[in-house]
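Before any comments, here is the structure.
Below is the structure:
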(Lines of atoms letter the chains of each structure in order from A and count residues from 1; the text may use other names and numbers.)
(Lines give C-alpha, C1' and ligand atoms only; values in the text may rest on other atoms or scores of the structure.)
Protein backbone atom coordinates (compact mmCIF):
# COMPACT_ATOMS: atom_id res chain seq x y z
CA UNK A 1 0.00 0.00 0.00
CA UNK A 2 1.35 3.47 -0.87
CA UNK A 3 2.32 5.73 2.00
CA UNK A 4 2.40 9.51 2.21
CA UNK A 5 5.04 11.11 4.41
CA UNK A 6 4.54 14.78 5.26
CA UNK A 7 7.47 16.66 6.79
CA UNK A 8 7.52 20.28 7.75
CA UNK A 9 10.82 22.04 7.28
CA UNK A 10 13.20 22.05 10.23
CA UNK A 11 13.54 25.09 12.44
CA UNK A 12 14.67 28.11 10.43
CA UNK A 13 16.90 30.94 11.60
CA UNK A 14 13.82 33.16 11.83
CA UNK A 15 11.74 30.50 13.64
CA UNK A 16 14.45 30.51 16.29
CA UNK A 17 14.03 34.30 16.64
CA UNK A 18 10.18 34.11 16.68
CA UNK A 19 9.89 36.07 13.42
CA UNK A 20 7.23 35.69 10.74
CA UNK A 21 8.85 34.04 7.74
CA UNK A 22 6.25 33.46 5.03
CA UNK A 23 8.05 33.75 1.70
CA UNK A 24 11.19 35.27 3.21
CA UNK A 25 13.96 32.95 2.10
CA UNK A 26 15.56 31.91 5.36
CA UNK A 27 18.00 29.04 5.93
CA UNK A 28 17.70 26.30 8.52
CA UNK A 29 19.13 26.90 11.96
CA UNK A 30 21.60 24.42 13.44
CA UNK A 31 18.66 22.82 15.27
CA UNK A 32 16.70 22.68 12.00
CA UNK A 33 19.55 20.85 10.29
CA UNK A 34 19.67 18.35 13.15
CA UNK A 35 15.88 17.86 12.96
CA UNK A 36 16.03 17.14 9.22
CA UNK A 37 18.99 14.78 9.60
CA UNK A 38 17.15 12.96 12.40
CA UNK A 39 14.07 12.54 10.19
CA UNK A 40 16.24 11.06 7.44
CA UNK A 41 17.84 8.61 9.88
CA UNK A 42 14.41 7.52 11.15
CA UNK A 43 13.23 6.91 7.60
CA UNK A 44 16.40 4.92 6.92
CA UNK A 45 16.12 2.98 10.19
CA UNK A 46 12.53 2.03 9.40
CA UNK A 47 13.55 0.97 5.88
CA UNK A 48 11.03 3.30 4.26
CA UNK A 49 11.55 3.65 0.54
CA UNK A 50 10.64 7.03 -0.92
CA UNK A 51 9.62 7.12 -4.57
CA UNK A 52 9.25 10.85 -5.09
CA UNK A 53 9.60 14.04 -3.07
CA UNK A 54 7.81 17.37 -3.37
CA UNK A 55 9.05 20.60 -1.82
CA UNK A 56 8.47 24.32 -1.95
CA UNK A 57 10.98 26.73 -3.46
CA UNK A 58 12.00 28.12 -0.08
CA UNK A 59 15.58 27.39 0.97
CA UNK A 60 14.55 26.01 4.38
CA UNK A 61 12.30 23.43 2.68
CA UNK A 62 14.88 22.59 0.02
CA UNK A 63 17.55 22.10 2.69
CA UNK A 64 15.20 19.93 4.77
CA UNK A 65 14.45 17.76 1.74
CA UNK A 66 18.17 17.35 0.98
CA UNK A 67 19.04 16.40 4.56
CA UNK A 68 16.16 13.92 4.78
CA UNK A 69 17.07 12.26 1.50
CA UNK A 70 20.77 12.13 2.41
CA UNK A 71 19.99 10.69 5.85
CA UNK A 72 17.77 8.02 4.32
CA UNK A 73 20.32 7.30 1.54
CA UNK A 74 17.81 8.24 -1.15
CA UNK A 75 19.31 11.40 -2.67
CA UNK A 76 18.80 9.98 -6.15
CA UNK A 77 14.99 10.06 -6.17
CA UNK A 78 13.16 12.72 -8.21
CA UNK A 79 12.41 15.93 -6.31
CA UNK A 80 9.73 18.24 -7.65
CA UNK A 81 9.74 21.86 -6.55
CA UNK A 82 6.83 24.27 -6.71
CA UNK A 83 6.09 27.73 -5.35
CA UNK A 84 2.57 26.44 -4.69
CA UNK A 85 3.99 24.50 -1.73
CA UNK A 86 5.54 27.63 -0.22
CA UNK A 87 4.41 28.72 3.21
CA UNK A 88 1.61 31.25 3.11
CA UNK A 89 2.71 34.78 2.29
CA UNK A 90 2.52 36.99 5.38
CA UNK A 91 2.89 40.30 3.55
CA UNK A 92 3.97 43.10 5.88
CA UNK A 93 4.20 40.71 8.83
CA UNK A 94 7.25 39.00 7.32
CA UNK A 95 10.34 39.72 9.36
CA UNK A 96 8.38 41.04 12.34
CA UNK A 97 8.58 39.49 15.78
CA UNK A 98 5.34 37.57 16.45
CA UNK A 99 5.00 38.89 20.00
CA UNK A 100 5.50 42.48 18.82
CA UNK A 101 2.85 41.99 16.13
CA UNK A 102 0.38 40.71 18.74
CA UNK A 103 1.06 43.76 20.91
CA UNK A 104 0.60 46.12 17.97
CA UNK A 105 -2.54 44.60 16.37
CA UNK A 106 -3.92 42.30 19.06
CA UNK A 107 -3.96 38.52 19.46
CA UNK A 108 -7.26 38.04 17.60
CA UNK A 109 -6.24 40.06 14.54
CA UNK A 110 -2.87 38.34 14.20
CA UNK A 111 -4.53 34.94 14.63
CA UNK A 112 -7.02 35.84 11.90
CA UNK A 113 -4.22 36.86 9.52
CA UNK A 114 -2.32 33.65 10.25
CA UNK A 115 -5.15 31.15 10.01
CA UNK A 116 -7.85 32.46 7.70
CA UNK A 117 -7.95 31.86 3.97
CA UNK A 118 -9.71 35.06 2.97
CA UNK A 119 -8.24 37.78 5.20
CA UNK A 120 -5.06 39.39 3.90
CA UNK A 121 -2.28 40.43 6.24
CA UNK A 122 -0.91 43.99 6.11
CA UNK A 123 0.61 44.79 2.72
CA UNK A 124 4.36 44.37 2.38
CA UNK A 125 6.54 47.37 1.66
CA UNK A 126 7.28 48.29 -1.95
CA UNK A 127 10.87 47.23 -1.32
CA UNK A 128 9.75 43.75 -0.20
CA UNK A 129 7.33 43.46 -3.11
CA UNK A 130 10.01 44.43 -5.63
CA UNK A 131 12.37 41.82 -4.17
CA UNK A 132 9.79 39.07 -4.79
CA UNK A 133 8.97 40.32 -8.27
CA UNK A 134 12.67 40.29 -9.22
CA UNK A 135 13.40 36.86 -7.72
CA UNK A 136 14.00 34.36 -10.54
CA UNK A 137 12.07 31.69 -8.67
CA UNK A 138 8.85 33.67 -9.03
CA UNK A 139 9.21 35.36 -12.42
CA UNK A 140 6.83 32.91 -14.09
CA UNK A 141 3.97 33.73 -11.68
CA UNK A 142 1.27 36.16 -12.77
CA UNK A 143 1.66 38.97 -10.20
CA UNK A 144 -1.54 40.84 -10.99
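In my numbering, the protein residues as written are 590 to 733. All C-beta atoms, glycine included, are put in the ideal place defined by N, C-alpha and C.
Residue i, buried or exposed, once every other Cβ within 10 Å from all chains shown has been counted against 16
i           : result
residue 695 : exposed
residue 728 : exposed
residue 710 : buried
residue 712 : exposed
residue 714 : exposed
residue 603 : buried
residue 705 : exposed
residue 722 : exposed
Sequence-distant residues of the same chain with beta carbon closer than 7 Å to residue i, five excluded per side
i           : result
residue 659 : 629
residue 596 : 628, 653, 657
residue 607 : 686, 687, 688
residue 662 : 633
Limits of the unbroken alpha helix (DSSP H) element including residue i
i           : result
residue 631 : 619-634
residue 699 : 696-704
residue 723 : 715-723
residue 669 : First-last for residue 669: 668-670, but that is the beta strand (DSSP E), not the alpha helix (DSSP H).
residue 649 : 648-660
Opposing strand residues paired with residue i [DSSP bridges]
i           : result
residue 608 : 686
Cut-off 8 Å between Cβ atoms - residues of its own chain near residue i, not counting five sequence neighbours on either side
i           : result
residue 730 : 672
residue 594 : 632, 637, 639
residue 726 : 646, 672
residue 601 : 610, 615, 616, 617, 618, 621, 649
Endpoints, beta strand (DSSP E) assigned at residue i
i           : result
residue 592 : Looking at the DSSP string, residue 592 is not in any beta strand (DSSP E), and its letter there is neither H nor E.
residue 642 : 642-644
Chain-order list of residues whose beta-carbon lies under 6 Å from that of residue i (same chain, five-residue window excluded)
i           : result
residue 701 : 708
residue 599 : 617, 621, 624, 625, 653
residue 670 : 644, 646
Proximity test, residue i beta-carbon vs the ligand COA heavy atom, cut-off 7 Å
i           : result
residue 694 : Among the ligands in the structure shown, none appear at all, so the ligand COA cannot be discussed.
- Do three or more CB pairs link the stretch 713-732 to the stretch 685-703 at distances below 8 Å? Put simply, the stretch 713-732 does not touch the stretch 685-703. Fewer than three CB pairs are less than 8 Å apart.
- Task: Evaluate the contact criterion for the stretch 676-685 versus the stretch 607-623: three or more CB pairs, one atom per stretch, below 8 Å.
- Result: yes
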